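Here the structure comes first, spelled out in structure tokens, and everything after it is commentary.
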Amino acid sequence: MKTAAYSLALISSLVASGRPSAVPRQYCPDVIVPTPPITADGTGVSGLELGNGTPISAIGQGPAILTTNGYEGWNFGAGGLGTPWCPTSRWLNIGSSTHPWKPLSWSSTQSTTTWEAGYGVYLTAAATSDYPETSNFLACKPINPSTSIGAPSVQWLLFLLTSDTLPTASDDTLSNANISTCVKTKLFIGSVSPQLISSM
1 MKTAAYSLAL
11 ISSLVASGRP
21 SAVPRQYCPD
31 VIVPTPPITA
41 DGTGVSGLEL
51 GNGTPISAIG
61 QGPAILTTNG
71 YEGWNFGAGG
81 LGTPWCPTSR
91 WLNIGSSTHP
101 WKPLSWSSTQ
111 STTTWEAGYG
121 VYLTAAATSD
131 YPETSNFLAC
141 KPINPSTSIG
151 APSVQWLLFL
161 LTSDTLPTAS
171 DDTLSNANIS
181 TCVKTKLFIG
191 SVSPQLISSM
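Residue 107 in my numbering sits at position 107 of the sequence shown, with consecutive numbering throughout.
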């Protein structure tokens, strides 16, 4: 019944617009989905959650941050890390940089397909031709925190750390980071209770 209703709604939208929809709807089945946050484990940031510096963004874009009230509910499909689980509207992508700290940002489009993720494990970036496998991240307080609508009061900029080297000076990737505050951390994806696993 739901499939038929969805098909009818999609056909109606196509007839009304006269052309295919640019962003097709994502069908979400009726299942109970676990929604633990992804939390940091490290000096100064322990317990903070993965979130977005511009949470109220129509296109789902913004810098990845650690904050007190981050996202919950995850899509691990196709080597990605998306939220919410369904329909997924933003994906965590690894940016390019010549430095061992790679910027992380949210986008409505998935470009990173190398995340190794699942409930009850540390978030890991698989090895690429540019860097080895790593589950280390760099968190730094921003010099100029985001002041966009809905921006959280607690903000730590987040970067993928691809070596054991920590920054000692600002650079093009860390232009808004307070270098003296930078700490190494890991991100743990919360565990799923047995009750939720059995109901899925």
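Glycine included, every Cβ here is placed at the ideal spot set by N, Cα and C.
The structure displayed is predicted, hence computed values, not measured ones.
Item to check | Whole-angstrom distance between glutamine 61 and alanine 127, CA atom to CA atom | outcome: 25 Å
Next on the checklist: Which same chain residues end up closer than 8 Å to isoleucine 179 when comparing Cβ atoms and leaving out the 5 residues on each side of it in sequence?
Outcome noted: Cys140, Pro167, Thr168, Ala169 and Ser170
Next on the checklist: Could you tell me the alpha carbon to alpha carbon distance between leucine 161 and glutamate 133, rounded to whole angstroms?
Outcome noted: 10 Å
Item to check | Where alanine 126 falls: helix, strand or coil (DSSP) | outcome: coil
Next on the checklist: Using C-beta distances below 7 Å, list every residue in its chain close to threonine 185, excluding the 5 sequence neighbours before and after it, in chain order.
Outcome noted: Ala40, Asp41, Gly42, Val45, Phe137 and Ala139
Checklist entry - Do the segment 77 to 92 and the segment 140 to 151 meet, that is, are 3 or more Cβ pairs less than 8 Å apart? => result no
Next on the checklist: Taking the straight line between their C-alpha atoms, what separation do you get for valine 154 and cysteine 28?
Outcome noted: 32 Å
Next on the checklist: In the DSSP assignment, the beta strand (DSSP E) including isoleucine 65 goes from what residue to what residue?
Outcome noted: 62 to 67
Next on the checklist: Excluding the 5 residues flanking asparagine 52 on each side, which residues of the same chain have their C-beta closer than 6 Å to its C-beta?
Outcome noted: Gly62 and Trp106
Item to check | Simplified DSSP state of isoleucine 179, which is helix, strand or coil | outcome: helix
Next on the checklist: Using the Cβ count rule (16 or more neighbours within 10 Å means buried), how would you classify threonine 113?
Outcome noted: exposed
Item to check | Spatial distance of threonine 68 from proline 37 (CA atoms) | outcome: 10 Å
Checklist entry - Roughly how many angstroms lie between the CA atoms of alanine 151 and tyrosine 122, to the nearest whole one? => result 26 Å
Checklist entry - So phenylalanine 137 is in the beta strand (DSSP E); what residue range does that whole segment cover? => result 137 to 140
Checklist entry - Do glycine 73 and proline 84 have their C-beta atoms within less than 8 Å of each other? => result yes
Checklist entry - Where do the N-terminal and C-terminal ends of the beta strand (DSSP E) with isoleucine 59 fall, by residue? => result Note, isoleucine 59: premise wrong, no beta strand (DSSP E); not H, not E.
Item to check | leucine 204 versus aspartate 30 - alpha carbon distance | outcome: Residue numbering for the chain in the displayed model covers 1 to 200; residue 204 lies beyond these limits and cannot be assessed.
Checklist entry - For alanine 40, which three-state DSSP category applies? => result strand
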